[in-house]
Amino acid sequence: TVQPMIHAGADKVIVVDSIDSKAFCDETVAATLGKLIENHKPEIVLAGATARGRSFFPRVAAALECGLIGSCAEVDVDESGSLRAKRPGFGGNFIATVECPDSRPQMATIRPKVLTAAKGDASRTGDVVCESGVETDSRKEILSVTSSDSDTVQIADADFIVTGGRGVKGPEGFELLKKLAKALDGAVGASRAAVDAGWIPYDHQVGQTGQTVRPRVYIACGVSGQIQHLVGMRSSDFIIAVNKDREAPIMEIADIAIVGDLFDVVPALIAGLA
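Counting in the numbering used here, the final residue of the sequence shown is number 296, and the numbers go up one at a time with none missing.
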């Protein structure tokens, strides 16, 4: 249904009725979006920096010969209508503000979970326009689609996330964090350092090169809080940090900063939830 989009602020919703969304083909989607852009001539076009968004959106930008700002953590539009997008640069060592002043449309992909959903207004009305998709001769064939059979809570969907960093010291430390996550009916996250060390699989990684999350409560245990990690979790509703180093960057953005050994603090939290 398109009504939630109109209620959230859209004046016009374009519905494409001839694309098979189950058998996603980036070439077909890119060609269709390119046609829509040429027909409607928008100033700004945005997409999610998801696996699908990253696969087809650059194709559109290349075909239209316009700029594309990828994997943005924040976007804004100034008084002149120019898009100003913030994204990590050089491996997350700084945050750059990027503009595309010459080419149109201005295009950007935005990391999931970094923006707050607009509050709906059920009294709003808008137009609905139906368009047809573009048929393409794809060089690819989808043979099968598989889904994760994990019965654990995925970090992208969790309301509570317990994340471990270098201070967890090894796979055994993550077993402790899993107990806390289970008590909260939450998920276990990890910093890049912990994943690179082989202590936990990559699908738990939070940060610039992992997933962006926005849980109700984010508990960072033994995580120093380098900018690469902060990009992926700083939009959490409430942040609790446990670290022996009171000067760690994560402690500065935490709503509650606990200076202490996680191997003392986490068992106490588990006991308090029992």
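We put the beta carbon where it would ideally sit given N, CA and C, even for glycine. From a predicted model like this one, the values you see are computed outputs, not experimental measurements.
Reducing DSSP to helix, strand and coil, say where residue i ends up.
i, result
"Phe260", "strand"
"Val281", "strand"
"Leu90", "strand"
"Glu49", "helix"
"Val210", "strand"
"Lys34", "strand"
"Val120", "strand"
"Gly70", "strand"
"Val343", "Outside the modelled stretch of the chain, which goes from 23 to 296, sits residue 343, for which no answer is possible."
"Ala215", "helix"
"Thr54", "helix"
"Gly186", "strand"
"Gln233", "strand"
"Gln250", "helix"
"Val245", "coil"
"Lys141", "coil"
"Gly294", "helix"
"Ser220", "Note on residue identity: the sequence assigns Gly, not Ser, to residue 220. Coil, per DSSP."
"Gln25", "helix"
"Val136", "coil"
"Ala178", "coil"
"Leu165", "coil"
"Arg81", "helix"
When the Cα of residue i is compared with those of the options, which residue comes out closest?
i, options, result
"Ala203", "Val245, Asp33, Val184 and Leu295", "Val184"
"Leu295", "Val281, Ile262 and Leu206", "Leu206"
"Lys266", "Gly247, Leu252 and Gly254", "Gly247"
"Val264", "Gln250, Val281 and Cys152", "Val281"
"Asp196", "Gly244, Arg161, Gly155 and Val150", "The residue you asked about is not Asp; residue 196 is Phe in the sequence shown. Taking only the C-alpha atoms, the option nearest Phe196 is Gly244."
"Gln233", "Val253, Asp159 and Ala219", "Val253"
"Val150", "Pro26, Val99, Val287 and Ala130", "Pro26"
Near residue i, what residues of its chain come up, given a Cβ to Cβ distance below 7 Å and the 5 sequence neighbours on each side ignored?
i, result
"Ala215", "Gly187 and Arg188"
"Arg236", "Lys135, Ser257 and Ser258"
"Leu291", "Leu202"
Quick one: residues in its chain with C-beta nearer than 6 Å to the C-beta of residue i, no 5 flanking neighbours on either side, listed in chain order?
i, result
"Gly211", "Ile177, Ile183, Thr185, His226 and Val228"
"Glu96", "Lys108"
"Gly56", "Val82 and Ala85"
"Ala140", "Ala30 and Gly31"
Name the one or two DSSP bridge partners that residue i has.
i, result
"Asp98", "Arg106"
"Asn265", "Val281"
"Val151", "Ile36"
"Ala130", "Leu68 and Ile91"
"Gln227", "Ala212"
"Gly111", "Phe116"
For residue i, I'd like the list of residues in its chain whose CB is within less than 8 Å of its CB, leaving aside the five on either flank, ordered along the chain.
i, result
"Pro223", "Val217"
"Thr147", "Ile28"
"Ala52", "Phe78, Phe79, Arg81, Val82 and Ala85"
"Ile59", "Val67, Val82, Leu86 and Pro127"
"His62", "Ile36"
Check whether the Cβ of residue i lies closer than 6 Å to any heavy atom of the ligand ZN, and answer yes or no.
i, result
"Ile28", "This structure lacks the ligand ZN; in fact it carries no ligand of any kind."
Against chain C, with Cβ distances strictly below 7 Å, would residue i count as a contact?
i, result
"Thr131", "Protein chains in the displayed structure number just one, and chain C is not present."
- contact_flag[the region 98–117, the region 42–56] where n(CB pairs < 8 Å) is 3 or more: no
- Is the number of C-beta pairs between the region 251–259 and the region 146–165 that are closer than 8 Å three or more? no
- Task: Would you check if there are 3 or more beta carbon pairs closer than 8 Å linking the region 229–247 to the region 273–286?
- Result: yes
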